Amino acid sequence: MQAQLSRIVVLTDARAAAEPYGPQTAVSPDVKAEIALAVERLQFATLLSLRASGVDAGAPNAMGAYQDLIRMQDKQIHELQQQVEDLTQQKASQGGVEKEVPTADQRLEKQLMEQLAAQHEQFEREKAELEDKIKSMSESALEMETRVNGLTMAYEQLEREYQQREQELAAARSGADGLQSSSIPSSAVTEQLAALETELDAERETNRRLRNEATAAKGGAASQALREKGDAELANARLMKQLEELRVESERKDEQLAECNQMLETLTEGQTLVKNDNQRLKAQLAEALSNSGQGGEAAEAEFKTMDDKERLEHRIAELEAAARAAYEKDQEVLRQRIQEVEQARRASPPVSAAVDNALPNSEVPTTEATSSEEPREVNTEDDRLKELVTTQLEELKELRALVVEMESVAKERETKVQQASFLQELVAGYDVQSRRDKEKHDATIRELEDELARAFLEKKDVGRKSKAAVKELENEVARLFLAKVELEKELAAHQREEDASQAENGEFISVNGSRRRSIASDNSNDSTVDDLLVLVASLEIQCSVLRETLKAAQGEDAVAVAVELSRQRGAVVSV
Numbered sequence: 001m002q003a004q005l006s007r008i009v010v011l012t013d014a015r016a017a018a019e020p021y022g023p024q025t026a027v028s029p030d031v032k033a034e035i036a037l038a039v040e041r042l043q044f045a046t047l048l049s050l051r052a053s054g055v056d057a058g059a060p061n062a063m064g065a066y067q068d069l070i071r072m073q074d075k076q077i078h079e080l081q082q083q084v085e086d087l088t089q090q091k092a093s094q095g096g097v098e099k100e101v102p103t104a105d106q107r108l109e110k111q112l113m114e115q116l117a118a119q120h121e122q123f124e125r126e127k128a129e130l131e132d133k134i135k136s137m138s139e140s141a142l143e144m145e146t147r148v149n150g151l152t153m154a155y156e157q158l159e160r161e162y163q164q165r166e167q168e169l170a171a172a173r174s175g176a177d178g179l180q181s182s183s184i185p186s187s188a189v190t191e192q193l194a195a196l197e198t199e200l201d202a203e204r205e206t207n208r209r210l211r212n213e214a215t216a217a218k219g220g221a222a223s224q225a226l227r228e229k230g231d232a233e234l235a236n237a238r239l240m241k242q243l244e245e246l247r248v249e250s251e252r253k254d255e256q257l258a259e260c261n262q263m264l265e266t267l268t269e270g271q272t273l274v275k276n277d278n279q280r281l282k283a284q285l286a287e288a289l290s291n292s293g294q295g296g297e298a299a300e301a302e303f304k305t306m307d308d309k310e311r312l313e314h315r316i317a318e319l320e321a322a323a324r325a326a327y328e329k330d331q332e333v334l335r336q337r338i339q340e341v342e343q344a345r346r347a348s349p350p351v352s353a354a355v356d357n358a359l360p361n362s363e364v365p366t367t368e369a370t371s372s373e374e375p376r377e378v379n380t381e382d383d384r385l386k387e388l389v390t391t392q393l394e395e396l397k398e399l400r401a402l403v404v405e406m407e408s409v410a411k412e413r414e415t416k417v418q419q420a421s422f423l424q425e426l427v428a429g430y431d432v433q434s435r436r437d438k439e440k441h442d443a444t445i446r447e448l449e450d451e452l453a454r455a456f457l458e459k460k461d462v463g464r465k466s467k468a469a470v471k472e473l474e475n476e477v478a479r480l481f482l483a484k485v486e487l488e489k490e491l492a493a494h495q496r497e498e499d500a501s502q503a504e505n506g507e508f509i510s511v512n513g514s515r516r517r518s519i520a521s522d523n524s525n526d527s528t529v530d531d532l533l534v535l536v537a538s539l540e541i542q543c544s545v546l547r548e549t550l551k552a553a554q555g556e557d558a559v560a561v562a563v564e565l566s567r568q569r570g571a572v573v574s575v
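Each residue of the sequence shown is one higher than the one before, counting from 1 in full-length UniProt numbering.
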């Protein structure tokens, strides 16, 4: 028996071993919740079993474990409420310091901020409702626990009253022992005693059956209450887990919201920069267009100038050729005339002298004047041709300078056109990027809305299940109360029957009192041993389940550490 009871400590030792080992390794929240829930169930089962087996309900170990369980649940609820309050204050502070971000489209920004504010309000309202439901469920669980404790105490009081009646009946039977020793029973008395013994055996069977039924009803009620309490605690643990997940999800959504706000700020700054770039590019584009318009006019003028240049070049070439031909012709003519004059001069001096002599004095100056006018005319024509060639060369230089200037203007215009096309492509790229960022932001907002809708539906489902569980617990408590009333009625009727038959069966009861007490004590001991064996078996099963869970979660090392710690605390561990 000492070895079996020592195994009960394994559960608490396993929990104590899992607590220092847990923070060092990554244990999933589901495994921790299952271990904690199983520990609480086993502690409550141990308390009920100790009460049912006759152990003092105020024993230090059981009552301390139960009080530790209540304190742990209160601490968890208080921490959860504190986390919810901190999260609410954080939400309020974040909502208060949230700044309005200027964007390009004020209408879209206003609509987005309204949606975000509505989602924040809805989330806060849902958190408040969930907190109220958790508080109400905790109060309902405490109330149900109080009711179960009241029923247990009432049943213990009923058992004590029944044992007191049995002790009084045994005392009455022991008082009749002296009368039986002084008289010798006759045959009629023997038959009467046999009949009374048969009747007492029947009553004893009835009492045993009633006791078994009461024990079964008590065990069923206790197991049902334990099961319902375990379900309620499991539901509470699930709610706490879901609330923790909602808190984590809320933090993640807050981070996403902060990222979205930062993205909005970045987009706003980018849009501002794009606006500035667009304005600058528009100014440059207008300037480029104006320059391109001027460049077009310049190009037309250039084309006209080029045509004029070509025509001028052809004309200059023609003029040069004509001038060259005329110059050559004039030179040839002048050379011929000069040669003719020289030949005439060489050939006719005597004739000229004779003529001079023969002619009057008035004709000689006329001939000299004619001969002197011919070289003067030739020199004038030569100067005129030189001036014409010089003027044409200057015009050609001016035309070449104009052509060079038009080429430079055309190059500048082409450069500005290329720059304008590049700026237009850059503006188009900025527009595409802004549209993509806007689509991503809209998709993120839709995902957040879908997640909030899923969380709201899950919260409603959890609330509905918790209400159903509470209603089932209340119905079960009502059934237990009715069963208690029925048992009290049956015990009262049986007590009246025993009081009526006590006078007739005094002698037989005094004879068989000791045997009956021994049988009652044997039955009580057997019932206590059976209850303890059932409890130990259930604890062994749950400890094996916990060991497998710990092994699957953390490995063989964690199981070895838990076993060693249990052995150090004095527990008998069988691996």
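Heads up, the beta-carbon is just placed ideally off N, CA and C, and yes, glycines get one too.
None of the values given here were measured: they were computed from a predicted structure.
Where does Gly-150 sit, in a helix, a strand or coil, going by DSSP? Of the three classes helix, strand and coil, the one that applies to Gly-150 here is helix, per DSSP.
- prompt: Looking at C-alpha atoms only, which residue of Lys-411, Ala-325 and Val-404 is the closest neighbour of residue 576?
  reply: With the chain covering only 1 through 575, there is no way to say anything about residue 576.
| Are there 16 or more other CB atoms within 10 angstroms of the CB of Leu-457, so buried, or fewer, so exposed? | Its Cβ having fewer than 16 others within 10 Å, Leu-457 is exposed.
Could you tell me the alpha carbon to alpha carbon distance between Val-148 and Arg-446, rounded to whole angstroms? Spanning the alpha carbons of Val-148 and Arg-446 requires a straight line of approximately 48 Å.
Distance, Cα to Cα, Ala-232 vs Lys-135?
Distance between the alpha carbons of Ala-232 and Lys-135: 13 Å.
Relative to the C-alpha of Leu-151, which residue among Glu-124, Ser-138, Gln-90 and Gly-219 is closest? Answer by Cα proximity: Gly-219.
_Which residue wins for smallest C-alpha separation from Ala-217, given the options His-494, Val-485 and Ala-562?_
Ala-217 has its Cα closest to that of Val-485, out of His-494, Val-485 and Ala-562.
Just checking, does the region 120 to 127 make contact with the region 81 to 88 on the three C-beta pairs under 8 Å criterion? The region 120 to 127 vs the region 81 to 88: in contact.
Check: Roughly how many angstroms lie between the CA atoms of Ala-122 and Asn-276, to the nearest whole one?
Finding: In the sequence under discussion, the amino acid at residue 122 is Gln, which differs from the Ala named in the question. Just so you know, the alpha carbons of Gln-122 and Asn-276 end up roughly 39 Å apart.
Query - Closest Cα partner of Glu-213 within the set Leu-550, Gln-554 and Glu-488 - result: Closest option to Glu-213, Cα to Cα, is Glu-488.
With the cut-off set at 8 Å, would you say Leu-426 and Gln-119 are in Cβ contact?
No.
Alpha carbon to alpha carbon, how far is Ile-541 from Gln-495? Give it in angstroms, no decimals. C-alpha separation (whole angstroms): 41 Å.
- What residue from Gln-111, Glu-131, Arg-71 and Met-113 has the CA that sits closest to Val-84's CA? Out of Gln-111, Glu-131, Arg-71 and Met-113, the CA that lies nearest to the CA of Val-84 is found in Glu-131.
- Task: Give the single residue among Gln-554, Arg-252 and Ala-283 whose Cα lies nearest to the Cα of Leu-423.
- Result: Selected option, being the one with the closest Cα: Ala-283.
Checklist line | Pairwise C-alpha distance: Gln-111 and Ser-223 | finding: Straight-line Cα distance between these residues: approximately 57 Å.
Taking the beta carbon of Met-137 as the centre, do at least 16 other beta carbons fall within 10 Å, making it buried, or is it exposed?
Label assigned to Met-137: buried.
**Request:** Report yes if the C-beta distance between Glu-497 and Leu-210 is below 8 Å; otherwise report no.
**Result:** In this structure, Leu-210 does not lie closer than 8 Å to Glu-497 by Cβ.
Taking the alpha carbon of Thr-415 as the reference point, which residue from Glu-265, Glu-287, Thr-380 and Ala-401 has its own alpha carbon closest? Looking at Glu-265, Glu-287, Thr-380 and Ala-401, the one whose alpha-carbon comes closest to that of Thr-415 is Glu-287.
**Asked** Rounded to a whole number of angstroms, what is the C-alpha to C-alpha distance between Val-409 and Arg-107?
**Response** Using only the alpha carbons, I get a separation of about 47 Å.
*7 Å CB neighbourhood of Met-153 in its chain, flanking five on each side removed*: The beta carbon of Met-153 is closer than 7 Å to none in its chain, skipping five residues each way along the sequence.
Item to check | Reduced DSSP secondary structure (H/G/I, E/B, other) of Gly-555 | outcome: It is coil, neither helix nor strand.
Beta-carbon separation of Glu-249 and Ala-455 under 8 Å?
Going by beta carbons, Glu-249 and Ala-455 fall inside the 8 Å limit.
- Among the residues of its own chain, which have a CB less than 6 Å from the CB of Arg-238, if the five just before and after it don't count? Nothing meets the Cβ criterion.
Fill in: Sub-8 Å separation of Asn-236 and Ala-141 beta-carbons
Contact: yes.
### Query
What distance in whole Å lies between the Cβ atoms of Met-240 and Leu-482, which are believed to be in contact at a cut-off of 8 Å?
Not really, about 33 Å apart at Cβ, beyond 8 Å.
Subject >> Close-in-space but distant-in-sequence residues of the same chain around Leu-246 (CB under 7 Å, 5 per side omitted) >> reply: Here Leu-246 has Ala-455 as same chain residues with Cβ atoms under 7 Å from its own Cβ, once five neighbours each way along the sequence are excluded.
Assign Ala-560 to buried or exposed, taking buried as 16 or more other Cβ atoms, counted over all protein chains shown, within 10 Å of its Cβ. Counting the other Cβ atoms within 10 Å of the Cβ of Ala-560 gives fewer than 16, which makes it exposed.
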